[in-house]
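*Asks:*
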Ligand SMILES: NC(=O)c1ccc[n+]([C@@H]2O[C@H](COP(=O)([O-])OP(=O)(O)OC[C@H]3O[C@@H](n4cnc5c(N)ncnc54)[C@H](OP(=O)(O)O)[C@@H]3O)[C@@H](O)[C@H]2O)c1
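In this note's numbering, the protein residues as written are 115 to 410.
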């Protein structure tokens, strides 16, 4: 495994395992499998509703806690200073750990300033080893790095894959010393990602799969990764990317695939902001959510 040193000196594995959309019942098994094949970084979130099961795997895996790197994300509904602090206490309990390696603000909506201030304080108390943001487009990220912020975010986790490469966003992050991290490195397979002819042709040269070419391309660009699979064979395949190097001409070929657009949605689209707001309202009406989320 290769590691990157974040702007506060904390070391983070370049390649991590994400648990978005993994049902509760499957999460512990998937995380244990991922750890078994060599993953040490696990990416979860309050809004994935599987922090407890990630915590069960942390306890059962037999790997010393300090060798694991656990990320969670604060959900919009837990923004604001006090609610954010309380929600992290909940996350610590669910994850069954006395510190979290990295906590990100999940989305750039609602009172993320108050929430970030809470993360800064928890960081200073030692309950969080690094803090950051997610889905902050260049204007929001610049804002987070300026205006007398005490702590510059260590990470900005955004969608990055061959069809949405985030070249300009990465430059802007580097300017402030913020490490870029990719979510949906495979674009969840959308737009025929695994069948892409360019990626297949490049993979054949190195006897590697499309997934491996994508992960290697990200690593060579200095992008930290969270990738997901529920299949142990694919987890094994996905971690087997440290024994080859793409040539500069292959890197250039992949660069040409960039559409500059999200495969999912644009966080700056007002309709999407409304959609997030309606999701928050809907979830508050759900009994299971209220039980899970003690703040409501
Ligand atoms: N911050 C955010 O807003 C945000 C948003 C989305 C995701 N994330 C994080 O990023 C992580 C990764 O993103 P993601 O889960 O959305 O998508 P992803 O990793 O791009 O794609 C996952 C999909 O690819 C398949 N897959 C994985 N490895 C494969 C392989 N070697 N060959 C063929 N298919 C393969 C998986 O299938 P199987 O599972 O069936 O194997 C799954 O359908 C998430 O789990 C989460 O931790 C963060």
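Beta carbons: idealized from backbone N, C-alpha and C, even for Gly.
Measuring CB to CB, does residue 368 end up less than 8 Å from residue 276?
*Replies:* In this structure, residue 276 lies closer than 8 Å to residue 368 by Cβ.
*Asks:* Name the two residues that bound the continuous beta strand (DSSP E) containing residue 341.
*Replies:* Note, residue 341: beta strand (DSSP E), 338 to 341.
*Asks:* Out of 223, 255, 230 and 236, state which residue places its alpha-carbon closest to the alpha-carbon of residue 390.
*Replies:* Comparing Cα positions, the closest option is 223.
*Asks:* How is residue 182 classed by DSSP in three states: helix, strand or coil?
*Replies:* In the structure shown, residue 182 sits in coil (DSSP, three-state: anything other than H, G, I, E or B).
*Asks:* First and last residue of the alpha helix (DSSP H) that includes residue 142?
*Replies:* Taken as a continuous stretch (DSSP letters only), the alpha helix (DSSP H) holding residue 142 covers 138 to 151.
*Asks:* Consult DSSP for residue 268 and reduce its assignment to one of helix, strand or coil.
*Replies:* In this structure, residue 268 counts as coil in the three-state DSSP scheme.
*Asks:* Quick one: what's got a C-beta closer than 6 Å to residue 116's C-beta in the same chain, skipping five residues either side?
*Replies:* 128.
*Asks:* Could you please give the first and the last residue of the uninterrupted alpha helix (DSSP H) stretch that includes residue 248?
*Replies:* Per DSSP, residue 248 belongs to no alpha helix (DSSP H); it is in the beta strand (DSSP E), 242 to 248.
*Asks:* Just to confirm, are residue 182 and residue 154 a CB contact at a threshold of 8 Å?
*Replies:* The answer is yes: Cβ separation under 8 Å.
*Asks:* According to DSSP, what are the bridge partners of residue 187?
*Replies:* Answer by DSSP bridge pairing, in chain order: 218.
*Asks:* Restricting to Cα atoms, I'd like to know which of 278, 315, 310 and 330 is closest to residue 377.
*Replies:* When only C-alpha atoms are compared, the closest one is 278.
*Asks:* Considering only residues of the same chain and omitting the five flanking positions on each side of residue 151, which have a CB-CB separation below 8 Å?
*Replies:* Contacts found: 346, 349, 350 and 353.
*Asks:* Where do the N-terminal and C-terminal ends of the beta strand (DSSP E) with residue 110 fall, by residue?
*Replies:* Only positions 115 to 410 of the chain appear in this structure, which leaves residue 110 out of reach.
*Asks:* Between 331, 185 and 213, which has its C-alpha nearest residue 108's C-alpha?
*Replies:* Lying before the first or after the last residue shown, residue 108 is absent from the chain, which here runs from 115 to 410.
*Asks:* Is residue 284 buried or exposed, if buried means 16 or more other CB atoms sit within 10 Å of its CB?
*Replies:* Buried, because 16 or more other Cβ atoms sit within 10 Å of the Cβ of residue 284.
*Asks:* DSSP three-state label for residue 156, please.
*Replies:* Strand at residue 156.
*Asks:* Only counting the same chain, and skipping five residues up and downstream in sequence, which positions put a Cβ closer than 6 Å to that of residue 295?
*Replies:* Correct list, in chain order: 269, 271 and 338.
*Asks:* When you measure from the CB of residue 254 to every non-hydrogen atom of ligand 1, does any distance come out below 7 Å?
*Replies:* Flag unset: Cβ of residue 254 not near ligand 1.
*Asks:* Is the segment 310 to 318 touching the segment 354 to 373 in the sense that three or more CB pairs, one from each, lie closer than 8 Å?
*Replies:* Yes: at least three Cβ pairs fall under 8 Å.
*Asks:* Using C-beta distances below 6 Å, list every residue in its chain close to residue 173, excluding the 5 sequence neighbours before and after it, in chain order.
*Replies:* The residues are 210.
*Asks:* Look up residue 177 in the DSSP assignment and say whether it is helix, strand or coil.
*Replies:* The answer is coil: DSSP assigns residue 177 none of H, G, I, E or B.
*Asks:* With DSSP collapsed to three states, give me the class of residue 298.
*Replies:* Residue 298 falls in the coil class under three-state DSSP.
*Asks:* According to the neighbour-count rule (16 or more other Cβ atoms, all chains shown, within 10 Å of its Cβ), is residue 190 buried or exposed?
*Replies:* Classification for residue 190: buried.
*Asks:* Hey, residue 330 and residue 360 are a contact pair by Cβ (cut 8 Å); roughly how many whole angstroms apart?
*Replies:* With a Cβ gap of about 6 Å, residue 330 and residue 360 count as contacting.
*Asks:* Looking at residue 241 and residue 195, is the spacing between their C-beta atoms short of 8 Å?
*Replies:* Result no, Cβ atoms of residue 195 and residue 241 do not sit closer than 8 Å.
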